[in-house]
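Chains as they are written, first to last, in numbering that gives the first Met the number 0: chain A, 0 to 392; chain B, 0 to 392.
2 protein chains.
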Amino acid sequence: MRAINRFNVLDTIRRAGSIARVEISERTQLSTTTVSAITASLLDDGLILARTEGDLREAAARGRPRVMLELNPDAARVVGAKIAANRMVFVVADFRGEVLSTLTLALRVDRQPINVITDLIEDGVRRCVVDADLALDEIDSVCLGLPGVIEHRTGHVRSSPIFRENGVDFAKDMSERLGVTTIVESDAHAITLAHHWFGKAKDLDDMVLVSLEQTLGLGVLHGGQLFRGAGGLSHNLGDLALGIGPQGMIRLASLAGESAILGDQPNGGRFAEAIRLGRGMAHAKTLIAAEDNTLISAAIRAGEACGMALANIVTLFAPPRVILVGSSLALGQPFLDSLRDAYSLAIPPSIKGVTELVFDQSTDETWAQGAAVVALRELYESPWGTTGPAPAL
Amino acid sequence: MRAINRFNVLDTIRRAGSIARVEISERTQLSTTTVSAITASLLDDGLILARTEGDLREAAARGRPRVMLELNPDAARVVGAKIAANRMVFVVADFRGEVLSTLTLALRVDRQPINVITDLIEDGVRRCVVDADLALDEIDSVCLGLPGVIEHRTGHVRSSPIFRENGVDFAKDMSERLGVTTIVESDAHAITLAHHWFGKAKDLDDMVLVSLEQTLGLGVLHGGQLFRGAGGLSHNLGDLALGIGPQGMIRLASLAGESAILGDQPNGGRFAEAIRLGRGMAHAKTLIAAEDNTLISAAIRAGEACGMALANIVTLFAPPRVILVGSSLALGQPFLDSLRDAYSLAIPPSIKGVTELVFDQSTDETWAQGAAVVALRELYESPWGTTGPAPAL
DNA sequence: GCTATTTAATTCGTATCCCGTCAAAAATAT
DNA sequence: ATATTTTTGACGGGATACGAATTAAATAGC
Numbered sequence: 000m001r002a003i004n005r006f007n008v009l010d011t012i013r014r015a016g017s018i019a020r021v022e023i024s025e026r027t028q029l030s031t032t033t034v035s036a037i038t039a040s041l042l043d044d045g046l047i048l049a050r051t052e053g054d055l056r057e058a059a060a061r062g063r064p065r066v067m068l069e070l071n072p073d074a075a076r077v078v079g080a081k082i083a084a085n086r087m088v089f090v091v092a093d094f095r096g097e098v099l100s101t102l103t104l105a106l107r108v109d110r111q112p113i114n115v116i117t118d119l120i121e122d123g124v125r126r127c128v129v130d131a132d133l134a135l136d137e138i139d140s141v142c143l144g145l146p147g148v149i150e151h152r153t154g155h156v157r158s159s160p161i162f163r164e165n166g167v168d169f170a171k172d173m174s175e176r177l178g179v180t181t182i183v184e185s186d187a188h189a190i191t192l193a194h195h196w197f198g199k200a201k202d203l204d205d206m207v208l209v210s211l212e213q214t215l216g217l218g219v220l221h222g223g224q225l226f227r228g229a230g231g232l233s234h235n236l237g238d239l240a241l242g243i244g245p246q247g248m249i250r251l252a253s254l255a256g257e258s259a260i261l262g263d264q265p266n267g268g269r270f271a272e273a274i275r276l277g278r279g280m281a282h283a284k285t286l287i288a289a290e291d292n293t294l295i296s297a298a299i300r301a302g303e304a305c306g307m308a309l310a311n312i313v314t315l316f317a318p319p320r321v322i323l324v325g326s327s328l329a330l331g332q333p334f335l336d337s338l339r340d341a342y343s344l345a346i347p348p349s350i351k352g353v354t355e356l357v358f359d360q361s362t363d364e365t366w367a368q369g370a371a372v373v374a375l376r377e378l379y380e381s382p383w384g385t386t387g388p389a390p391a392l
Numbered sequence: 000m001r002a003i004n005r006f007n008v009l010d011t012i013r014r015a016g017s018i019a020r021v022e023i024s025e026r027t028q029l030s031t032t033t034v035s036a037i038t039a040s041l042l043d044d045g046l047i048l049a050r051t052e053g054d055l056r057e058a059a060a061r062g063r064p065r066v067m068l069e070l071n072p073d074a075a076r077v078v079g080a081k082i083a084a085n086r087m088v089f090v091v092a093d094f095r096g097e098v099l100s101t102l103t104l105a106l107r108v109d110r111q112p113i114n115v116i117t118d119l120i121e122d123g124v125r126r127c128v129v130d131a132d133l134a135l136d137e138i139d140s141v142c143l144g145l146p147g148v149i150e151h152r153t154g155h156v157r158s159s160p161i162f163r164e165n166g167v168d169f170a171k172d173m174s175e176r177l178g179v180t181t182i183v184e185s186d187a188h189a190i191t192l193a194h195h196w197f198g199k200a201k202d203l204d205d206m207v208l209v210s211l212e213q214t215l216g217l218g219v220l221h222g223g224q225l226f227r228g229a230g231g232l233s234h235n236l237g238d239l240a241l242g243i244g245p246q247g248m249i250r251l252a253s254l255a256g257e258s259a260i261l262g263d264q265p266n267g268g269r270f271a272e273a274i275r276l277g278r279g280m281a282h283a284k285t286l287i288a289a290e291d292n293t294l295i296s297a298a299i300r301a302g303e304a305c306g307m308a309l310a311n312i313v314t315l316f317a318p319p320r321v322i323l324v325g326s327s328l329a330l331g332q333p334f335l336d337s338l339r340d341a342y343s344l345a346i347p348p349s350i351k352g353v354t355e356l357v358f359d360q361s362t363d364e365t366w367a368q369g370a371a372v373v374a375l376r377e378l379y380e381s382p383w384g385t386t387g388p389a390p391a392l
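What follows is the structure, encoded as structure tokens:
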């Protein structure tokens with residue numbers, strides 16, 4: 000019970016950035032007494048800081064000035080990472096989720112043996128931590144966001160384009176490797192939380208995010224919590240079945256996945272090289288501007304498929320807002336227009352107007368930051384969840 | 000806090016049917032002391048009853064015999080109803096959800112003006128209440144389950160095949176009409192809760208139910224709670240988009256809805272008559288047995304579409320169990336087989352084995368009982384939610 | 001410059017609630 | 001009748017939250 004209130008207060012402070020006790024009490028519906036008690040304990044634990052200046056009410060404020068409270072950035076450090084097929088992005092973040100250092104490694108990791116991948120990730124984590132002027136033992140937790148179907152609770156990767164194998168116990172492997180608690184999460188879930196904390200869903204506790212990258216991912220926020228399937232399973236939109244074709248089931252990924260849009264490019268060509276470097280979509284955009292008809296029609300086909308799938312998601316979840324993110328958005332007009340058209344055609348009239356569509360081209364760093372948020376959210380709850388007994392002097 | 004524990008204890012008693020305090024304490028993880036306090040207050044409020052006999056442990060039980068506690072059936076009465084296009088089914092249920100009386104009215108209500116429909120419903124409610132030897136003012140709450148997209152919180156019906164109009168404030172209308180709090184809920188949600196309380200999901204707090212009737216509905220249970228969209232919106236599977244056809248969007252309902260399967264039957268014919276009476280699917284089954292090829296292929300088409308949609312639902316929600324209900328199941332082999340085939344083809348390998356498929360041919364009464372459960376669940380929480388202060392003497 | 005006013009935060013006392021321990025009650029076995 | 005076993009109820013301790021009163025720190029007015 001106290002744990003719940005503690006978390007609520009802490010979260011209220013985080014959302015506000017800087018806030019006085021009175022206002023916490025207003026927002027949480029807790030009495031000022033309780034807020035005082037809780038904030039005292041939070042101050043005591045070093046999780047928040049008090050700042051005497053900064054009372055930003057109307058300039059001529061009478062009465063005792065408010066003492067502003069904010070998160071103590073140094074209360075914890077976490078590493079968040081986005082692991083994609085052709086790049087890895089790491090960030091070190093402080094307790095507020097603010098990024099302290101970034102590291103991008105442009106290298107192809109998919110289809111590599113697992114221990115090569117874990118090696119590379121370990122390397123990236125270590126380098127990024129050093130860049131932030133920290134040591135690994137100052138890091139409280141690490142979270143890796145990767146594409147695919149991931150069981151968050153167990154850290155079990157059911158399937159991912161990153162791995163050749165299915166069913167990897169990735170969290171366990173990496174935890175042992177790094178000597179730091181490591182969480183594995185779907186990349187879509189990570190960017191969903193990033194938007195909830197810092198992006199275009201700060202004001203909402205219910206929303207849906209669709210990520211259009213190599214893999215098509217989904218994040219559903221419900222009451223401020225990620226909605227996970229059984230066993231904390233993440234969703235994979237690319238697996239959605241669209242119909243039966245000559246070679247069996249046609250899935251969304253086969254029309255709207257990155258490789259489906261860009262097609263098989265001749266090895267060594269400039270396009271193939273751009274794809275290698277994660278610039279495939281940007282390159283495609285310039286080709287589309289030059290009226291490359293193959294690409295244009297691929298983009299339109301992908302947009303239509305996405306738009307329809309999106310409408311179905313909205314039919315099922317009816318969120319007030321859907322945020323679309325991912326590299327495919329860089330394709331520009333033909334893709335976006337056909338997506339929007341298909342969406343508005345496919346959305347049932349009865350829920351028209353319920354959902355607002357928002358497009359966002361986040362940087363890779365935001366994804367990694369989202370992974371850091373996943374790690375932070377777990378920290379927020381667990382280690383100080385139990386009320387510490389007053390230490391005997 | 001007490002409210003939460005109270006609810007948990009009450010719910011534990013309901014689930015068990017009859018249970019001793021010790022066992023409540025075991026199941027809820029509450030101390031026997033607390034359980035005693037709470038049960039005393041529940042007994043005091045007349046919500047539960049104590050029965051001295053009925054200790055069903057090993058016959059030769061030494062020690063003080065257990066006092067079994069069970070819900071007081073008379074603590075409340077509710078009316079639940081299933082309103083379909085061609086029939087209305089009412090039940091009066093006691094506090095346990097047990098049915099006291101049933102009333103089925105086989106009449107076509109769709110496309111009637113609203114006040115005709117409300118008239119008929121009012122009539123049905125009143126008659127069913129009388130059948131249970133009760134008066135309307137002894138009814139605590141009414142819940143109507145209808146097909147379509149319904150906002151549970153507001154009782155607003157966004158669209159329903161029952162109504163000619165969209166956007167009807169049905170809960171308000173009926174509450175005024177009956178003088179009893181009336182809740183409106185999607186029929187799929189009702190049957191979902193019916194299965195949670197009495198049917199094939201008693202053991203699960205997470206599951207998905209798909210209802211295949213005139214309308215294709217969906218109920219998602221998540222942590223024992225119905226998962227609703229924004230504003231308590233219900234889902235409508237029939238609105239799912241499958242692809243673009245010559246006449247615009249092809250939706251699931253146009254392939255697998257009742258009318259899509261049965262087709263347009265000549266007015267006055269035996270088939271049309273059967274449909275009128277809600278026996279359309281049964282009649283179709285006999286025709287299929289007689290190798291009516293039009294129907295067989297319609298059934299197969301419908302089954303395929305449903306199977307694929309089902310696989311997509313499972314991809315998104317990954318529930319441990321999916322329950323399929325509804326009149327279309329009566330079609331038998333061709334429908335069920337093609338559904339199963341399409342499902343196993345469309346289900347992504349990465350989540351194969353997560354979900355168990357269960358078919359259930361519930362009676363209409365069960366649907367109405369589910370609506371009663373919706374009403375009861377609200378009663379369980381609200382009126383005794385606050386701890387009553389000890390009355391002065 | 002002093003006092004009154006206003007607003008913020010803390011302290012204190014009270015009520016609630018849960019749990020652990022212990023005693024009472026109710027049956028059976030000897 | 002007595003001992004044993006099991007369940008139930010009662011009392012005190014600990015934690016928590018809230019309301020009222022108190023203290024704190026600033027401004028406004030004279």
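All C-beta atoms, glycine included, are put in the ideal place defined by N, C-alpha and C. All of these numbers come straight from a predicted model, not from anything done at the bench.
- Ranked by Cα distance from B:Leu328, the options B:His282, B:Asn311, B:Ile312, B:Gly352 are led by B:His282.
- Between B:Ala193 and B:Gly369, the gap from beta carbon to beta carbon is short of 8 angstroms.
- As a beta-bridge residue in DSSP terms, B:Ile243 pairs with B:Met248.
- Between B:Leu208 and B:Gly218, the CB-CB gap stays under 8 angstroms.
- Of all residues in the stretch 303-326 of chain A, the ones placed with a Cβ closer than 8 angstroms to any Cβ belonging to chain B are Glu303, Met307, Ala310, Asn311, Ile312, Thr314, Leu315, Phe316, Ala317, Pro318, Pro319, in chain order.
- Per the coordinates, the alpha-carbon of B:Glu364 lies some 45 angstroms from the alpha-carbon of A:Pro146.
- Not one beta carbon of chain B lies nearer than 8 angstroms to the beta carbon of A:Met87.
- In the three-state reduction of the DSSP assignment, A:Gln224 falls in the strand class, which pools E and B.
- DSSP, reduced to helix, strand and coil, places B:Asn235 within a strand of the structure shown.
- Non-local C-beta neighbours of A:Arg126 in its own chain, meaning closer than 8 angstroms and more than five positions away in sequence, comprise Phe89, Leu102, ordered along the chain.
- In this model, B:Val372 and A:Gly242 are separated by some 38 angstroms (Cα to Cα).
- Of the candidates A:Val124, A:Cys142, A:Ile190, A:Cys142 places its Cα closest to the Cα of A:Ala374.
- Note on A:Val115: under 16 other CB atoms within 10 angstroms of its CB, so exposed under the neighbour-count rule.
- Look at the stretch 149-218 of chain B and you find these whole runs of alpha helix (DSSP H), each 4 residues long or longer: 169-177, 186-196.
- Flagged as an interface residue toward chain B: A:Leu239, by a C-beta distance shorter than 8 angstroms.
- B:Gln28 counts as exposed, since fewer than 16 other C-beta atoms from the protein chains shown sit within 10 angstroms of its C-beta.
- Residue state for B:Lys351 is assigned as coil, using DSSP reduced to three classes.
- Counting the other CB atoms within 10 Å of its CB gives A:Gln246 a total below 16, which places it among the exposed residues.
- Residues Gly306 of the same chain have their beta carbon placed closer than 7 angstroms to that of A:Arg339, with the five preceding and five following residues left out of the count.
- Secondary structure remark: continuous beta strand (DSSP E) runs of at least 3 residues inside the stretch 33-95 of chain A, in chain order: 47-50, 67-70, 76-82, 87-93.
- About 23 angstroms separates the CB atoms of A:Pro333 and A:Glu355; that is not less than 8 angstroms, and the two are not in contact.
- In the three-state reduction of the DSSP assignment, B:Ala304 falls in the helix class.
- Here the stretch 62-80 of chain B makes contact with the stretch 125-139 of chain B; the two share three or more CB pairs at distances below 8 angstroms.
- The Cβ-Cβ distance between B:Leu323 and B:Leu236 does not fall below 8 angstroms.
- Taking 8 angstroms as the cut-off, the beta carbon of A:Asp205 is found closer than this to the beta carbon of A:His221.
- Collapsing the DSSP output to three states places B:Ile346 in coil.
- Three or more beta-carbon pairs separated by less than 8 angstroms are not found between the stretch 309-316 of chain B and the stretch 282-292 of chain B, which leaves the two stretches without contact.
- The beta carbons of B:Gly166 and B:His151 sit no closer together than 8 angstroms.
- A straight line joining the alpha-carbon of B:Ala308 with that of B:Asp168 spans about 31 angstroms.
- Less than 8 angstroms separates the beta-carbon of B:Thr293 from that of B:Gly262.
- With a cutoff of 8 angstroms on beta-carbon distance, B:Ile82 and B:Ile120 are scored as near each other.
- In terms of Cβ geometry, B:Arg50 and B:Leu70 do not form a close pair [threshold 8 angstroms].
- In the three-state scheme derived from DSSP, where H, G and I count as helix and E and B as strand, A:Ile18 is classed as strand.
- When secondary structure is reduced to three states using DSSP, A:Ser30 falls in the coil class, being assigned neither helix nor strand.
- If you draw a straight line from the Cα of A:Val353 to the Cα of B:Gly228, it comes to about 10 angstroms.
- For B:Pro146, no CB of chain A lies under 8 angstroms from its own CB, so it is not counted at the interface with that chain.
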